[in-house]
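Taken in order, the sequence shown gives residues 12 to 316; the numbers are from my numbering.
Built from N, CA and C at the ideal position, the CB exists for glycine as well.
Computed from a predicted structure; not experimentally measured.
What follows is a single structure, written as structure tokens, with notes after it.
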Amino acid sequence: MIRYKKLGYVALNVSNIEKSVEFYRDIVGLELVEMKEDIAFLRCSPDHHNFVLYPSNRPGLKRVAFEVEDEKQLTIATEKLKKAGVIATELAKAESDTLYQGKTIRFFEPNTGVTFELYNEIKQLNEPYIPKVKGVKPSKITQLGHAVVDVEDAKFDDALQFFMDVLNFKVSDFSGDKIGWSWMRAFPNPLHHTFAMVRGTETKLNHIAFMIEDFDSIGIGRNRLIDNEIPIVFGPGRHKPSSSIFLYFLDPDGMTMEFSNGMEEFPEENPREPRLLEPNLETLDLWGGTPDPRFGAIGEIEKGN
Ligand SMILES: [Fe+2]
Numbered sequence: 012m013i014r015y016k017k018l019g020y021v022a023l024n025v026s027n028i029e030k031s032v033e034f035y036r037d038i039v040g041l042e043l044v045e046m047k048e049d050i051a052f053l054r055c056s057p058d059h060h061n062f063v064l065y066p067s068n069r070p071g072l073k074r075v076a077f078e079v080e081d082e083k084q085l086t087i088a089t090e091k092l093k094k095a096g097v098i099a100t101e102l103a104k105a106e107s108d109t110l111y112q113g114k115t116i117r118f119f120e121p122n123t124g125v126t127f128e129l130y131n132e133i134k135q136l137n138e139p140y141i142p143k144v145k146g147v148k149p150s151k152i153t154q155l156g157h158a159v160v161d162v163e164d165a166k167f168d169d170a171l172q173f174f175m176d177v178l179n180f181k182v183s184d185f186s187g188d189k190i191g192w193s194w195m196r197a198f199p200n201p202l203h204h205t206f207a208m209v210r211g212t213e214t215k216l217n218h219i220a221f222m223i224e225d226f227d228s229i230g231i232g233r234n235r236l237i238d239n240e241i242p243i244v245f246g247p248g249r250h251k252p253s254s255s256i257f258l259y260f261l262d263p264d265g266m267t268m269e270f271s272n273g274m275e276e277f278p279e280e281n282p283r284e285p286r287l288l289e290p291n292l293e294t295l296d297l298w299g300g301t302p303d304p305r306f307g308a309i310g311e312i313e314k315g316n
């Protein structure tokens, strides 16, 4: 079974690359590493990139990439996918070199259409990542946290099966009478979730999260967002499933981003069983908040890239 190291990077399509770079660098606090042919590479770790922006007139999710433990995992993944009828393509060296990644495979998850990429190494920068924003105190981002997608009702169960059986994701918690949310960890990464799915009417991006170091960073982030007139669409609050403190806000295209502090971690062996949680607002926010209707509303999933 495939063994993962971590969620490596997320690639988004954005309608105005300059505006989005400014937002993610100056307001969110990612570091812009380089612009290459209108593609922006940003980071929040020693990796060359953890967040990549592509210009497009259809804002949304382009790709989700995971770093696996070693090169052998790529062979295991390719075989496992093939058995499930999914072809994983190895990137030509010229393309993986452009991404500063080692051997890289790409495939489309058949139920959601999400493009996934797996790689075993990425260029490490000598300079440490230091969270910085324009003029004021930053929120201390420690790493890229998780990606969440809405999955249309008819495809949800098959998608969940695929993530568990083929991709070796482990479910940490479910919610719903008919499972409505599924929070998953990329085994054996200990984080409660690095990927999650929400049963919905259509398949689209729900949100992307950045993990932050301390509670102060949530409050500091909130003030910074307000000062810059960035819409806050949920929070601050506390999620029941992962026990994280959260703050959700919108990027320039209206895509939902999250600052998330603290998260339950699972041991590789003998982890607790997933819980089936009640599908109510208290599960989403123990502090009793309600998401704004703009929460998770924007973000087309690019097919076949
Ligand atoms: Fe989240």
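Residue pairing by DSSP places Ile-152 opposite Ile-223 in a beta bridge. Summarising the contact set, residues whose Cβ lies nearer than 6 Å to any heavy atom of ligand 1 are, in chain order, His-157, Val-159, His-218, Ala-220, Glu-269, Ser-271. In terms of CA proximity to Tyr-65, Arg-74 leads the group Arg-74, Asp-58, Asn-272, Gly-315.
Only residues of its own chain outside the window of five on either side were considered, and among them Gly-113 have a CB closer than 6 Å to the CB of Glu-132, listed in chain order. If you ignore the 5 residues before and after Leu-72, its C-beta comes within less than 6 Å of the C-beta of Leu-216, Gly-310, Ile-312, all in its own chain and listed in chain order. In this structure, DSSP gives Phe-277 a state outside helix and strand, which the three-state scheme calls coil. In this structure, Pro-57 places its C-beta atom within 7 Å of the C-beta atom of Gln-135. By the criterion of a C-beta distance shorter than 6 Å, Ser-31 is surrounded in its chain by Val-25, Leu-64, Pro-263, once the five residues flanking it on both sides are discounted.
DSSP assignment within the segment 23 to 67 yields the following whole beta strand (DSSP E) runs of 3 residues or more, N-terminal first: 42 to 47, 50 to 54, 62 to 66. Nearest to Val-182 by C-alpha distance, out of Val-79, Leu-171, Tyr-35, is Leu-171. Beta-bridge partners of Glu-128 (DSSP): Ala-76, Arg-117.
For Ser-228, the three-state secondary structure derived from DSSP is helix. If you check the CB distance, Gly-307 and His-218 come in under 7 Å. For Ser-254, there is no enclosing alpha helix (DSSP H), as DSSP marks it with neither H nor E.
Using a Cβ-Cβ distance cut-off of 8 Å, the segment 286 to 293 and the segment 264 to 277 are not in contact, since fewer than three pairs of beta carbons, one from each stretch, lie closer than that value. As the crow flies, the alpha-carbon of Ile-152 is around 12 Å from that of Ile-231.
For Leu-287, the enclosing beta strand (DSSP E) has its first and last residue at 286 to 288. The shortest C-alpha to C-alpha distance from Thr-267 to any of Gly-19, Leu-23, Lys-16, Met-12 is the one to Leu-23. Inclusion of Gly-124 and Phe-77 in the CB contact set at 7 Å is not warranted, their separation being larger than that value. With a 10 Å radius around the Cβ and a threshold of 16 neighbouring Cβ atoms, Pro-139 comes out exposed. Between Leu-129 and Leu-178, the alpha-carbon positions lie close to 11 Å from each other. Put simply, the backbone Cα of Thr-126 is about 11 Å away from that of Thr-100. In this structure, the alpha-carbon of Leu-295 lies about 21 Å from that of Asp-227. DSSP places Glu-82 within a helical segment (H, G or I) once states are collapsed to three. Counting C-beta atoms within 10 angstroms of its own C-beta, Thr-301 has fewer than 16 neighbours from the protein chains shown and is therefore classed as exposed. Taking a contact as a CB-CB distance under 8 Å, the pair Ile-13 and Ala-95 does not count as one, their CB atoms being some 12 Å apart. Setting aside the 5 residues that flank it on each side, Ile-243 is surrounded in the same chain by Leu-236, Phe-260, each with a C-beta closer than 6 Å to its C-beta; the list follows chain order. Between Val-21 and Ala-158, the CB-CB gap stays under 7 Å.
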